[in-house]
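Residue numbers (the numbering used here): 37 to 783. Data first, discussion second: the structure below is written as structure tokens.
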């Protein structure tokens, strides 16, 4: 008898498909200690069940072993595109390059969330997509190997892939998923194992039991020995991954990958910087400035190491340097900071935004163009201590009202704008928001107030999926984002108004623990825009809502500042902003997805219409399948000879075979011998009638009359007898050796 795996058929195939889904879901549930609670588990469960059902249905409707896998791949692609290619939770996908770009962006966001996150990873959209795609890949591969090909043993390798994440991070998967996964895999093996006699089954049982016992003993004995080997069980992971949010012990690094399309990943809540402040109010600490924006992402060119040593007074303008050089820490308004950097691993010093005097050990250099203190060679801020004396500038609203923007060339990088399809719309909105303002300061204040308005914009770390090629316009219409979106929008809108601007990356002031001491955690990492004024220099504004940043700077607080009226004389170098003839309504609803709508590409349609369209598509697909099945059924050969050939193929799948030299009666005897002792009367009768009819059709001078329904019924009774035998019959060891000897008639 053949020992090859037997692909399950009929009800056994449906059961095997269900076991595959159960095994995959058990592996998915093992990820619960790795990912924080969220919709990812329900989404993955539903998509896996749906794709598993699609493959099982395709197997029932088609005789091709490849069709279920192709249907599974197609269903998986549609499910992933529907979930993650559009701005809504569920989008009707279109086969376009934009769909692929959207999926790529979500994938990249998920990869960044994994690389920069900590255990348990927050359930971002990108991370959820990685889980869904991985689970669907495993269910398709496992179904193809175990159900279509009968290779459940190989399928176990695919199932094991889902468990490697929990194993690597040493996260206990839980008893229920472990039992469910193991039980479903063992049952899957049982459904596809070669048919053997009862004696053979007992022998297999002893082999399995002996093997399991041996593995258990080896694990118990070898485990303690291996655990003592240096390096055993050690895995190098990203530094931010730990036992919980912020609990990692490795260094933390600020990401300069400021992508408008990306949702915000988790941030460490460990104290990264501590400082003691006297003589001044706490203010943000800046590390980097960014200038180049491509419409989606901020870019930073690595400049050569500056030549100027970072000692003494550090400020781009001479007046500020002189004030910092001669400042007395005891003087009113002058602040003194004693900074201790913890696990923040950067090549730039966190510094206040005003003229300062720095005392730091090591080789550090000052970049006046960027106003950064950069490390030479391989120096790092981690574990560094330094002192800073800060001299405040005159940033009163009166002084800024009288100030003009810095004179820069038209092609200055601080005025550079990305060429996008909606750049004109962004410019129009900027003019609309600042209509009637007189000075650059008023313009900046109007932009900041517009973006901080909670009735228009909502702070959220989850960024909606893009709908255009302009990330700023998407934010201005979707009106949802975090500091990167708010700061970028204000920077770009300011440049449209001719205000030289840049982005800053650093930290908010921190929380005080008393005695003038402040602690800054990774949760306070922040970005903000800076506008270049001729006298004041680079001035910070705060468009991100108060829910994240608190109150804006005093000089940028509209409750304190008084804007210049349009009838007043503007400061030199400034001009009142004329009202545009037409522009988007800044208080309008935007073009985001409304309740009761889904998106098809960039088009919004009602949910009801989308559901009706999907229902019609499903009905059309079902009708097409039925028509194809009926045509295929009519094309199936009929008659005694064709029925006998199909029975022979079906019996071969059950381990019963004979060669072509065997007569019909001899083949009948092979079938009865293969069944074992005491074949039921239904088997004898059905087999005898089928053999007799086939013999008459083959050898009788006159072709016999036959009814295809009778032929199919007899063939089915033969197969049913063999299927029932596995649970109720007295199996004997059978050999399906081809017999050439003539036997007595069956019946």
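Built from N, CA and C at the ideal position, the CB exists for glycine as well.
Unbroken alpha helix (DSSP H) run spanning residue i, endpoints
i, result
"residue 77", "76 to 97"
"residue 469", "459 to 469"
"residue 710", "700 to 711"
"residue 508", "507 to 514"
"residue 331", "No alpha helix (DSSP H) holds residue 331; DSSP gives it neither H nor E."
"residue 309", "Segment 307 to 314 is the beta strand (DSSP E) holding residue 309; no alpha helix (DSSP H) there."
"residue 46", "Per DSSP, residue 46 belongs to no alpha helix (DSSP H) and is neither H nor E."
"residue 325", "That residue, residue 325, is in no alpha helix (DSSP H); its beta strand (DSSP E) goes 321 to 326."
"residue 681", "676 to 689"
"residue 734", "717 to 735"
Contact check, residue i vs residue j, beta carbons under 8 Å
i, j, result
"residue 372", "residue 314", "yes"
"residue 562", "residue 342", "no"
"residue 522", "residue 487", "yes"
"residue 288", "residue 304", "yes"
"residue 531", "residue 453", "yes"
"residue 569", "residue 396", "no"
"residue 390", "residue 428", "yes"
"residue 413", "residue 400", "no"
"residue 424", "residue 370", "no"
"residue 573", "residue 348", "no"
"residue 340", "residue 407", "no"
"residue 71", "residue 157", "yes"
"residue 119", "residue 126", "yes"
"residue 711", "residue 700", "no"
"residue 680", "residue 726", "yes"
"residue 409", "residue 359", "no"
"residue 95", "residue 227", "no"
"residue 185", "residue 101", "yes"
"residue 207", "residue 69", "yes"
"residue 529", "residue 484", "no"
"residue 543", "residue 386", "yes"
"residue 344", "residue 422", "no"
"residue 458", "residue 524", "no"
"residue 592", "residue 564", "no"
Whole-Å CB distance - residue i paired with residue j, under 8 Å assumed
i, j, result
"residue 323", "residue 384", "4 Å"
"residue 723", "residue 752", "At roughly 12 Å, the Cβ-Cβ gap does not stay under 8 Å, so residue 723 and residue 752 are not in contact."
"residue 67", "residue 202", "7 Å"
"residue 537", "residue 566", "7 Å"
"residue 190", "residue 181", "5 Å"
"residue 377", "residue 419", "7 Å"
"residue 64", "residue 80", "5 Å"
"residue 217", "residue 88", "That pair is no contact at about 15 Å."
"residue 188", "residue 224", "4 Å"
"residue 99", "residue 53", "Not confirmed; about 16 Å, so no contact."
Close Cβ partners of residue i (< 6 Å) along its chain, the five nearest in sequence each way excluded
i, result
"residue 283", "Below a pLDDT of 50, predicted positions are generally treated as unreliable, and residue 283, at 44, falls in that range; no measurement from the model is reported."
"residue 580", "519, 522"
"residue 146", "162, 163, 165, 166"
"residue 761", "none"
"residue 336", "292, 326"
"residue 482", "469, 470, 473"
"residue 559", "303, 305"
Unbroken beta strand (DSSP E) run spanning residue i, endpoints
i, result
"residue 569", "561 to 569"
"residue 520", "Residue 520 -> not in any beta strand (DSSP E); alpha helix (DSSP H) instead, spanning 519 to 532."
"residue 374", "371 to 377"
"residue 543", "537 to 543"
"residue 392", "392 to 396"
"residue 549", "547 to 550"
Close beta carbons around residue i, own chain, < 7 Å, minus the five adjacent residues each side
i, result
"residue 439", "477, 569, 570, 571, 572, 607"
"residue 676", "729, 730, 733, 742, 747"
"residue 90", "107, 108, 111"
"residue 555", "307, 310, 546, 547, 549"
"residue 318", "545, 546, 554"
"residue 517", "496, 499, 511"
"residue 535", "441, 476, 479, 480, 567"
"residue 448", "536"
Cβ shell of residue i (< 8 Å), same chain only, five flanking positions each side left out
i, result
"residue 115", "83, 86, 87, 168, 172"
"residue 117", "127, 129, 135, 139"
With a cut-off of 8 Å, do at least 3 Cβ pairs link the segment 420 to 432 to the segment 482 to 497?
No: the two stretches stay apart, fewer than three of their Cβ pairs being nearer than 8 Å.
Are the segment 542 to 562 and the segment 299 to 319 in contact at 8 Å, needing three or more beta carbon pairs?
Short answer: they touch.
Give a yes or no on contact between the segment 686 to 700 and the segment 744 to 761, applying the rule of three or more CB pairs nearer than 8 Å.
Because the criterion of three Cβ pairs below 8 Å is met, the segment 686 to 700 and the segment 744 to 761 touch.
Three or more beta-carbon pairs under 8 Å between the segment 501 to 511 and the segment 458 to 466, yes or no?
Yes: the two stretches touch, three or more of their Cβ pairs being nearer than 8 Å.
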